[in-house]
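Chemist: Below is the structure I would like to discuss, written out as structure tokens.
In full-length UniProt numbering, the protein residues as written are 1 to 183.
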């Protein structure tokens with residue numbers, strides 16, 4: 001059975017990420033972000049959302065485990081920051097419904113949502129520049145970089161929260177990530 005570990009970055013929706021994966025039939029566990037990478041046995045990792053970059057524990061180390069990674073909100077920002085991109089303050093803070101345009105319909109994570117989807121997102125901080133090797137895969141009028149992917153390394157990030165009911169096709173994002181982990 002596919003095993004996906006959710007790294008807890010102390011976000012308010014983190015438990016919903018684990019539940020969404022469990023409900024899709026995945027063996028999943030929620031682990032603290034200070035867990036030794038050697039203790040993580042998984043086919044994939046979700047870096048959860050959270051309050052800020054100062055509380056990301058050992059998340060940078062988990063990127064070296066050679067398994068697919070899905071970064072959600074803060075998790076996407078961690079991917080960008082640790083791999084040479086740039087993160088900064090968003091022009092619009094707080095949570096809101098956002099219409100997101102999918103820019104790459106062939107993207108393994110979100111391409112199936114094309115041409116657009118409605119999501120629940122926070123934009124207090126956001127990715128301003130994707131790291132080398134990444135493709136900018138989604139945008140909105142609130143945030144230029146709503147999603148990014150490096151399909152060669154199986155590293156993916158979304159600014160929005162696919163685990164909440166307000167996101168129209170969130171379950172499909174998790175189904176696509178499970179398929180990536182099983183490939």
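Heads up, the beta-carbon is just placed ideally off N, CA and C, and yes, glycines get one too. Keep in mind the model is a prediction, meaning the values are calculated, not measured.
As a quick exercise: from 9, 12, 24, 5, pick the residue whose alpha carbon is nearest that of residue 170.
Modeler: 24
Chemist: Answer yes if the region 33-44 comes into contact with the region 2-21, meaning at least three C-beta pairs across the two stretches below 8 Å, and no otherwise.
Modeler: The region 2-21 makes contact with the region 33-44: 3 or more CB pairs, one atom from each, lie closer than 8 Å.
Chemist: Would the region 151-171 and the region 8-20 be scored as touching if the rule is three or more Cβ pairs under 8 Å?
Modeler: yes
Chemist: In chain order, which continuous runs of the beta strand (DSSP E) of length 3 or greater are located wholly inside the region 53-137?
Modeler: 69-72, 86-89, 95-102, 116-122, 125-129
Chemist: Leaving out five residues before and five after residue 130 in sequence, what residues of the same chain have Cβ atoms less than 7 Å from its Cβ?
Modeler: 80, 85, 136, 145, 148
Chemist: According to the Cβ coordinates, are residue 102 and residue 173 closer than 8 Å?
Modeler: no
Chemist: Taking the CB atoms as reference points, tell me whether residue 118 and residue 141 lie closer together than 8 Å.
Modeler: no
Chemist: To the nearest angstrom, how far is the alpha carbon of residue 30 from that of residue 116?
Modeler: 30 Å
Chemist: Report the rounded CA-to-CA distance for residue 64 versus residue 151, giving the unit in angstroms.
Modeler: Each residue's CA atom was taken as its position, placing residue 64 and residue 151 some 15 Å apart.
Chemist: What would DSSP say about residue 175, mapped onto helix, strand or coil?
Modeler: Reduced to three states, the DSSP call for residue 175 is helix.
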